[in-house]
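Chemist: Please see the structure below; I have some questions.
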Amino acid sequence: MQNPKYNRIVLKLSGEALAGNKGYGIEHDILASIANQVVEVVKLGVQVSVVVGGGNIWRGVSGSARGMDRSTADYMGMLATVINALALQDALENEGMETRVMSAIEMKEVAEPYIRRRAIRHLEKNRVVIFAAGTGNPYFSTDTAAALRSAEIEADVILMAKKVDGVYDSDPLNNPNAKKFEDLKYIDVLNKGLGVMDSTATSLCMDNTIPVVVFDLTKKGNIYKVVMGEDIGTYVGR
Ligand code: UDP
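The sequence shown begins at 1 in full-length UniProt numbering and counts up by one.
Dropping the structure here:
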């Protein structure tokens with residue numbers, strides 16, 4: 001059998017990925033389907049960590065736009081990611097996976113604190129590690145947390161889960177002539193302002209040469225395909 005292309009991955013799930021068509025809250029069937037896809041690659045021996053967003057519950061910028069203190073609103077967003085992380089942990093455990101939630105904000109009753117060496121040890125034991133609470137700092141995003149954790153645990157790639165099958169030059173949902181990029185350079189993502197991830201996250205990936213594959217999570221089996229090296233999304237690199 002062919003070997004996986006990547007041995008240690010960071011899967012970035014936005015909060016909206018857990019929400020289904022409603023765009024908010026947590027959809028049980030979607031969680032189960034994601035957990036199922038994760039199991040497929042863990043069974044290949046791939047070390048899987050997940051950074052989960054919180055946009056399905058709360059986004060700091062929206063609170064701040066309504067006059068809320070930005071840092072407070074961002075801490076609320078980070079707490080939202082912990083809710084999603086626990087939901088995902090539950091779904092993975094229903095599939096028989098061993099998992100650990102590691103939080104960047106200490107809350108030892110519900111999650112382990114994030115300790116880099118311990119996270120690596122969990123991965124080596126084939127536990128799925130879910131990184132919660134982003135970077136632990138306001139004014140950042142969970143995309144940046146994905147880039148940061150990838151650098152720290154020396155992941156081979158970030159799998160950036162989206163609802164479209166890659167990066168386009170314009171929104172494919174609104175423009176039928178939108179062109180998909182097969183490969184992109186970090187600098188082009190920054191210069192063209194493409195919606196892969198925010199510029200802080202892109203810069204961190206660029207400075208540390210962390211490859212990013214943008215792919216469609218809504219098609220079952222796609223995590224497996226990306227891990228096996230199939231060209232189904234957009235590859236962002238040097
Ligand atoms: N957040 C933060 N620092 C971080 C990560 C997240 O302050 O390191 C907050 C921020 O308010 C953000 C919210 O948590 O809006 C949810 O994260 P994000 O928007 O990245 O979630 P996603 O878009 O992936 O669902």
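C-beta atoms are modelled at their ideal positions from N, C-alpha and C, and glycine is treated no differently.
To the nearest whole angstrom, what separates the beta carbons of A91 and L31, a pair I think is in contact under 8 Å?
Modeler: 4 Å
Chemist: How long is the line joining the alpha carbons of I105 and L86, rounded to whole angstroms?
Modeler: C-alpha separation (whole angstroms): 14 Å.
Chemist: Any heavy atom of the ligand UDP inside 8 Å of the beta-carbon of G53?
Modeler: yes
Chemist: Looking at C-alpha atoms only, which residue of G233, N56, K5 and Q37 is the closest neighbour of L18?
Modeler: For the residues G233, N56, K5 and Q37, the minimum Cα distance to L18 belongs to N56.
Chemist: Roughly how many angstroms lie between the CA atoms of L204 and I187, to the nearest whole one?
Modeler: 12 Å
Chemist: Quick check on the DSSP output: the beta strand (DSSP E) that includes A19 runs from which residue to which?
Modeler: No beta strand (DSSP E) contains A19, which DSSP labels as neither H nor E.
Chemist: According to DSSP, is L88 part of a helix, a strand, or is it coil?
Modeler: helix
Chemist: With contact counted as at least three CB pairs below 8 Å, one residue from each stretch, are the segment 141-158 and the segment 215-224 in contact?
Modeler: no
Chemist: Straight-line CA distance for G237 to D29?
Modeler: One C-alpha to the other measures close to 33 Å.
Chemist: Starting from R8, trace the alpha helix (DSSP H) in both directions and tell me its first and last residue.
Modeler: Per DSSP, R8 belongs to no alpha helix (DSSP H); it is in the beta strand (DSSP E), R8 to L13.
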